[in-house]
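Quick note on numbering: the sequence shown equals residues 805 to 1029 in this note's numbering. Yeah, the Cβ is synthetic: ideal placement off N, Cα and C, and Gly gets one too.
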Amino acid sequence: MIFQQLSQQFNKLINQIQQQLKKILIILCLVLSCGFLGQGMAGATNQFSIPLANQLVNQPTNQQLAQVSPLPTLGNTPRTNPAAIRDLIDNSPTIDLIPKSYEQGLQIYFANCSTCHIALPAELLPRQSWQILLENLNQHYGATLPVISSVEVRLIWNYLGTFSRLAATEDRLPVFARDSRFFRALHPQVRFPEPAKITTCISCHPSAQEFNFRNTISTSNTPNN
């Protein structure tokens, strides 16, 4: 009789332990699932085939942002005057409505990249190509660039990285717009001089210097005719 009672108590204890182990296993599974989900979301947010340099990974602090002027003052011409740039961007039909958090990056990008040549829309190059260009500003097509602070580079990247798309893994990363699959997709049936250059844009886009690429001239060389 005593042995039977002890056996029942022992079995009851074993059942309780098994129930607790099941609960622990369920909790562990949930924790692991959340961990893998977090990694997947991080990968979706940071979809790059090559590692990002520190200046692009590290988000600027509020203190650093406070030290950045609203726009770099590069001169008083229509394309370098801060107020003129804001007005130009606000009225450009090329730019879709963007969140306020990206406006400063777009303005700094335009102010720095439209003084020597036409500022290309972010959509023309793959995200990885913009990354390569921003991480190698000291080797910008053989040109010497004015100093751009790491905070300004990060703000530019926030804009370009968000409004461009990833290249397919099998694609060779272009550093010239003419070699970009996205550029060719936007110009079906258009015959370009060889080699096509940024200055070529003006022949069909007379308002390209104002970041307006929707104002086009219809010629026999465009698909409109």
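Below 7 Å CB to CB, which residues in the same chain sit around residue 917 once its five sequence neighbours on both sides are set aside?
Hits under 7 Å: 923.
Count the other CB atoms within 10 Å of the CB of residue 901; is the residue buried (16 or more) or exposed (fewer)?
The residue in question, residue 901, is exposed, as its Cβ has fewer than 16 Cβ neighbours within 10 Å.
Range covered by the alpha helix (DSSP H) that runs through residue 928:
Residue 928 -> no alpha helix (DSSP H), and no H or E assigned at all.
Quick one: what's got a C-beta closer than 7 Å to residue 938's C-beta in the same chain, skipping five residues either side?
860, 957, 960, 961
Beta carbon of residue 970, beta carbon of residue 932: below 8 Å?
yes
Exposure of residue 920, with buried meaning 16 or more beta-carbon neighbours within 10 Å:
exposed
Determine the extent of the alpha helix (DSSP H) in which residue 979 is found, giving its start and end residues.
Neither: residue 979 is in no alpha helix (DSSP H) and is coded neither H nor E.
Between residue 966 and the rest of its own chain, which residues show a CB-CB distance below 7 Å, the 5 nearest in sequence each way excluded?
Excluding residues within five positions, the ones whose Cβ falls inside 7 Å are 906.
According to DSSP, simplified to helix, strand and coil, what is residue 954?
helix
Spatial neighbours of residue 934 in its chain, beta-carbon cut-off 6 Å, leaving aside the 5 residues before and after
964, 968
Residue 984 beta carbon less than 8 Å from that of residue 928:
yes
Please state whether DSSP places residue 1003 in a helix, a strand or coil.
helix
Could you work out which residue in 953, 979, 930 is closest to residue 944 when comparing CA atoms only?
979
Measure the alpha-carbon distance for residue 1002 versus residue 1012 and round it to whole angstroms.
10 Å
Note down, in chain order, each residue of its chain lying with its Cβ closer than 8 Å to the Cβ of residue 982, except the 5 sequence neighbours on either side.
996, 999, 1000, 1001
Could you round the C-beta distance between residue 986 and residue 903 to whole angstroms and report it? I think they count as a contact, below 8 Å.
At roughly 22 Å, the Cβ-Cβ gap does not stay under 8 Å, so residue 986 and residue 903 are not in contact.
How would you label residue 955, buried or exposed, when you count the other beta carbons within 10 angstroms and need 16 or more for buried?
By the beta-carbon neighbour count (other beta carbons within 10 angstroms, threshold 16), residue 955 is buried.
Inter-residue spacing [alpha-carbon to alpha-carbon] between residue 988 and residue 909
26 Å
Helix, strand or coil at residue 972 according to DSSP, with G and I counted as helix
coil
Reduced DSSP category for residue 933 - H, G, I as helix; E, B as strand; rest coil
helix
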